[in-house]
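2 protein chains.
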Amino acid sequence: MSGQLTEMLKGSLEGIVLAILSGRPAHGYEITAWLRDRGFADIAEGTIYALLIRFEQRGLVDVRKVPSEQGPPRKVYSLNTQGRKYLDEFWKSWSFLAERLQQLRKGGK
Amino acid sequence: MSGQLTEMLKGSLEGIVLAILSGRPAHGYEITAWLRDRGFADIAEGTIYALLIRFEQRGLVDVRKVPSEQGPPRKVYSLNTQGRKYLDEFWKSWSFLAERLQQLRKGGK
DNA sequence: TCAACTATTCGGCGTTGCTAAGTACCAGTA
DNA sequence: TACTGGTACTTAGCAACGCCGAATAGTTGA
Numbered sequence: 001m002s003g004q005l006t007e008m009l010k011g012s013l014e015g016i017v018l019a020i021l022s023g024r025p026a027h028g029y030e031i032t033a034w035l036r037d038r039g040f041a042d043i044a045e046g047t048i049y050a051l052l053i054r055f056e057q058r059g060l061v062d063v064r065k066v067p068s069e070q071g072p073p074r075k076v077y078s079l080n081t082q083g084r085k086y087l088d089e090f091w092k093s094w095s096f097l098a099e100r101l102q103q104l105r106k107g108g109k
Numbered sequence: 001m002s003g004q005l006t007e008m009l010k011g012s013l014e015g016i017v018l019a020i021l022s023g024r025p026a027h028g029y030e031i032t033a034w035l036r037d038r039g040f041a042d043i044a045e046g047t048i049y050a051l052l053i054r055f056e057q058r059g060l061v062d063v064r065k066v067p068s069e070q071g072p073p074r075k076v077y078s079l080n081t082q083g084r085k086y087l088d089e090f091w092k093s094w095s096f097l098a099e100r101l102q103q104l105r106k107g108g109k
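Top to bottom, those sequences are chains C and Y.
Going by UniProt numbering, the first residue of the first sequence is number 1, and it counts up by one from there.
Going by UniProt numbering, the first residue of the second sequence is number 1, and it counts up by one from there.
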């Protein structure tokens, strides 16, 4: 991976996954596949699972174990109230950063 | 600081400082002040200096020691060819990420 | 003399994503 | 039966980054 992207993902990936979960509940494997489809080809599977566990520990998501027809049971995560609040704050931080960078990009040309 | 912003800055701050340097040479103290003016109120001074040293070690910048009228000598950094190339790549990674996030934000509402 | 501003350096810390390996369950196939 | 491959999750150790706090050093003005 681009190395630069890896570093940028720190802090952003969290928001990305939270945003996915805000649309609908999902489990780790599903999220990984979704990300791959959208061009995040090299996001490590382990990373997503670790992230989800962190969400759980911080109380941002609710978890439900659902048996799978094919393979071990899935852990389905859904965003709760606290998670939505946290996602709102994420978007604020993101907007702030994105605006500054846009200005910098314009000015720097 | 927002905590979330701190994590987002990982990888982005690098690009921000590089972008500043692409406009004109500058020294650490100046860059810190510039960032504070633009709303990055809580970026630690030490962080910027460490970043600049990293740039130097990677050969992205040229350094010149310039005596200051007020205080110890300044280390003035200017972007070199390699630095500009690296900045280009940064913008590519940033665009990629920003696009995905924009889509997610729209879709997630 | 003392504070305040300019300007840089250094050591240790916590968070994050990556790597790599492993576990577990099921289906199809030879 | 044994093996391959897809599904699904876990874990341990690593490196990079930004933050915190303290120190150093030069100049100016009270």
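For every residue, glycine included, the Cβ atom is placed at its ideal position computed from N, Cα and C.
Note that the coordinates shown come from a computational prediction; the quantities given were computed from them, not determined experimentally.
Contact between the stretch 80–91 of chain C and the stretch 25–43 of chain C is absent: fewer than three C-beta pairs spanning the two stretches fall below 8 Å. Annotation for tyrosine 49(Y): Gly28 place their beta carbon closer than 7 Å to its own, counting only its chain and skipping 5 residues before and after. With a cut-off of 8 Å on Cβ pairs, the stretch 35–46 of chain Y is not in contact with the stretch 54–66 of chain Y, counting fewer than three such pairs. Minimum Cα-Cα distance from glutamate 89(C) among the listed residues Gln102(C), Glu7(C), Gly11(C) corresponds to Gly11(C). Among the CB atoms of chain Y, one or more fall inside 7 Å of the CB of glycine 11(C). Neighbourhood of alanine 44(Y) in chain C, by CB distance below 7 Å: empty, with the nearest CB roughly 16 Å away. Straight through space, the alpha carbons of isoleucine 20(C) and proline 25(Y) are spaced by roughly 41 Å. In this structure, the beta-carbon distance from tyrosine 77(C) to leucine 52(C) falls below 7 Å. Rounded to whole angstroms, the separation of the alpha carbons of valine 17(C) and serine 95(C) is 17 Å.
DSSP assignment within the UniProt domain "Transcription regulator PadR N-terminal" (17–88) of chain C yields the following whole beta strand (DSSP E) runs of 3 residues or more, N-terminal first: 61–66, 74–79. Here serine 2(C) is not near serine 22(Y), since their CB atoms are 7 Å or more apart.
Taking C-beta atoms as the reference points, leucine 97(C) and methionine 8(Y) count as a pair closer than 7 Å. Looking at the backbone, the Cα of arginine 36(Y) and that of glutamine 103(C) are separated by about 15 Å. Contacts between leucine 60(C) and chain Y, judged by CB atoms closer than 9 Å, are missing: the closest CB pair is about 12 Å apart.
DSSP places glycine 15(Y) in the helix class (H, G or I) of the three-state scheme. Assigned with DSSP and collapsed to three states, glycine 107(Y) falls in helix. Nearest in C-alpha terms to glycine 15(C), of all of Gly15(Y), Gln4(Y), Leu13(Y), Glu14(Y), is Gln4(Y). Not a single C-beta of chain C is nearer than 7 Å to the C-beta of phenylalanine 55(Y). Excluding the 5 residues flanking it on each side, phenylalanine 55(C) has same chain C-beta neighbours closer than 6 Å at Val61, in chain order. Between the C-alpha atoms of threonine 6(Y) and threonine 47(Y) there is a straight-line separation of about 11 Å.
Distance from the CA of glutamine 57(Y) to the CA of tryptophan 91(Y), rounded to the nearest whole angstrom, comes to 21 Å. When Cβ-Cβ separations below 7 Å define contact, glutamate 69(C) makes no contact with chain Y.
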